[in-house]
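J.: First, the structure itself, so that you have it in front of you.
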Amino acid sequence: MLQKFIIALLSLTLAAVCGAWGYSAWSRGTVALVVTPAGASAPVPVAEAAPKPVARFAAANSASGADFSYEYVAPRSAALLPVYERVRDADLLRKLPEIDTLDGLLVLPRPLRYVTAECKSADAFYLSAKGEVVLCYETLQVLHEQGQALGRDNKLGDEFARQYVLANTRFIVAHETGHALIDQLDLAITGREEDAVDQLATTLMQRFARADESPQQVAENLRMAGNWFLARAQGQYNLDAYADEHALGEQRYFNLQCLIYGGNPARFVNIVTDGDLPEARAQKCPDEARRAGRSWLRLLLPHVAPKYAMTEAKANRFFMQQEHARARNAEGPYLR
Ligand SMILES: [Zn+2]
Numbered sequence: 048m049l050q051k052f053i054i055a056l057l058s059l060t061l062a063a064v065c066g067a068w069g070y071s072a073w074s075r076g077t078v079a080l081v082v083t084p085a086g087a088s089a090p091v092p093v094a095e096a097a098p099k100p101v102a103r104f105a106a107a108n109s110a111s112g113a114d115f116s117y118e119y120v121a122p123r124s125a126a127l128l129p130v131y132e133r134v135r136d137a138d139l140l141r142k143l144p145e146i147d148t149l150d151g152l153l154v155l156p157r158p159l160r161y162v163t164a165e166c167k168s169a170d171a172f173y174l175s176a177k178g179e180v181v182l183c184y185e186t187l188q189v190l191h192e193q194g195q196a197l198g199r200d201n202k203l204g205d206e207f208a209r210q211y212v213l214a215n216t217r218f219i220v221a222h223e224t225g226h227a228l229i230d231q232l233d234l235a236i237t238g239r240e241e242d243a244v245d246q247l248a249t250t251l252m253q254r255f256a257r258a259d260e261s262p263q264q265v266a267e268n269l270r271m272a273g274n275w276f277l278a279r280a281q282g283q284y285n286l287d288a289y290a291d292e293h294a295l296g297e298q299r300y301f302n303l304q305c306l307i308y309g310g311n312p313a314r315f316v317n318i319v320t321d322g323d324l325p326e327a328r329a330q331k332c333p334d335e336a337r338r339a340g341r342s343w344l345r346l347l348l349p350h351v352a353p354k355y356a357m358t359e360a361k362a363n364r365f366f367m368q369q370e371h372a373r374a375r376n377a378e379g380p381y382l383r
């Protein structure tokens with residue numbers, strides 16, 4: 048099925064999103080550029096950010112983690128009203144399992160708010176000055192249209208578009224949450240921040256998925272998110288693309304396949320045998336996946352609210368139990 052997605056995605060006309068997508072990290076208080084669908088660039092000034100907060104080692108006087116807040120901003124464009132009403136009525140932001148798990152778990156120096164809003168382009172970003180993760184209605188609309196087209200072309204059923212939107216939304220919001228945590232907690236990251244937060248999003252979706260999601264569903268959600276990267280695939284790029292803070296869409300796609308396969312090579316060997324991940328890369332993936340998950344755990348552990356008395360060993364036991372519970376879900380005589 049995955050290869051069908053790829054073929055369908057490559058054949059889709061994605062003028063509405065190709066240039067815009069990347070997930071911005073407007074966390075540096077500088078002028079950010081949003082590439083418009085037409086390829087023109089419009090400077091978007093972002094207020095100068097406050098000095099970076101000094102990293103705080105799980106503030107000793109705070110036993111509880113920070114509660115997030117959520118807001119659905121009414122759009123000015125009438126065309127976006129239906130998507131606004133859908134996400135507001137569904138309370139979409141509170142239905143994202145990964146964010147729900149993080150809500151109240153970490154001690155943060157500043158409030159963190161999740162917002163859906165009209166942005167004038169399909170995007171998602173973190174605003175350091177406001178402490179906001181923003182998901183644009185335009186992105187949800189493009190995802191929905193793309194999910195509908197894929198579902199129709201590949202006869203995947205009426206439910207597919209909804210699953211596609213939700214899976215991608217989970218990844219995108221988790222990715223932007225990574226930018227927020229790096230900024231607010233002043234986390235040490237070497238290498239490209241965009242790669243690091245892709246790894247966090249993947250890890251969160253693997254470890255904090257709902258208990259009733261099977262390992263296959265978890266992987267399928269991630270692979271839907273991976274295919275979104277291919278929406279940007281053009282086969283050839285100009286210098287701006289090579290210089291971009293994001294890896295090329297194809298590279299982000301293969302990095303994600305690597306983490307899915309590497310998380311459980313025996314279960315997901317078909318990713319390699321189906322040709323979705325070259326064998327030479329696959330050999331390194333178990334180590335890559337283990338290091339990515341362990342590194343993010345070690346980065347965040349000092350900021351887990353003291354009341355959880357969390358340790359690396361305790362966290363790993365919890366992840367293992369969750370993994371076994373999900374595996375049992377998948378192997379039972381029937382599914383709920
Ligand atoms: Zn990003």
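Last residue of the sequence shown: 383 (the working numbering), numbering continuous. Just so it is clear, CB atoms sit at the ideal spot from N, CA and C, and this is done for glycine as well. The structure presented is a predicted model; accordingly, all values stated were derived computationally and were not measured.
Between the Cα of H222 and the Cα atoms of T249, A196 and E260, which residue gives the shortest distance?
T.: T249
J.: If we ignore side chains and look at the alpha-carbon of each, how far apart do S261 and A313 end up?
T.: Spanning the two alpha carbons is a distance of roughly 15 Å.
J.: Taking contact to mean 3 or more Cβ pairs, one atom from each stretch, closer than 8 Å, check whether the stretch 183 to 191 and the stretch 125 to 139 are in contact.
T.: yes
J.: Take F115 as the anchor and find which of P122, A125 and R141 has the nearest alpha-carbon.
T.: R141
J.: So, does the stretch 195 to 215 touch the stretch 164 to 174, judging by three or more C-beta pairs under 8 Å?
T.: no
J.: Taking its Cβ as the centre, do 16 or more other Cβ atoms sit within 10 Å of H463, making it buried, or is it exposed?
T.: Shown here, the chain extends from 48 to 383; a query on residue 463 therefore has no answer.
J.: Looking at the secondary structure, which residues open and close the beta strand (DSSP E) in which E118 lies?
T.: S116 to Y119
J.: Spell out the partners DSSP gives A164 in its beta bridges.
T.: C183
J.: Looking only at its chain, what residues have a beta carbon closer than 6 Å to the beta carbon of A272, apart from the 5 residues adjacent to it on each side?
T.: A214, N215 and F218
J.: Could you check how far apart the C-beta atoms of L277 and L346 are, in whole angstroms? I think they sit under 8 Å.
T.: Their Cβ separation, rounded to whole angstroms, is 29 Å, which puts L277 and L346 out of contact at 8 Å.
J.: Opposite A214 in the DSSP bridges: which residues?
T.: Note: A214 sits in no beta bridge, so no partner.
J.: By the DSSP assignment, the alpha helix (DSSP H) with Y131 in it spans what residues?
T.: In the DSSP assignment, Y131 falls within the unbroken alpha helix (DSSP H) covering L128 to A137.
J.: Can A356 and L344 be called in contact, C-beta distance under 9 Å?
T.: no
J.: Quick check: is any heavy atom of ligand 3 less than 8 Å from the C-beta of E145?
T.: Inclusion of ligand 3 in the displayed structure is not the case, the ligand content consisting of ligand 1 alone.
J.: Between the alpha carbons of A176 and Y117, how many angstroms are there, rounded?
T.: 17 Å
J.: Does the separation of the CB atoms of L247 and L303 fall below 9 Å?
T.: no
J.: So, do the stretch 286 to 306 and the stretch 320 to 331 have three or more beta carbon pairs nearer to each other than 8 Å?
T.: yes
J.: By DSSP, does A352 sit in helix, in strand, or in coil?
T.: It is coil, neither helix nor strand.
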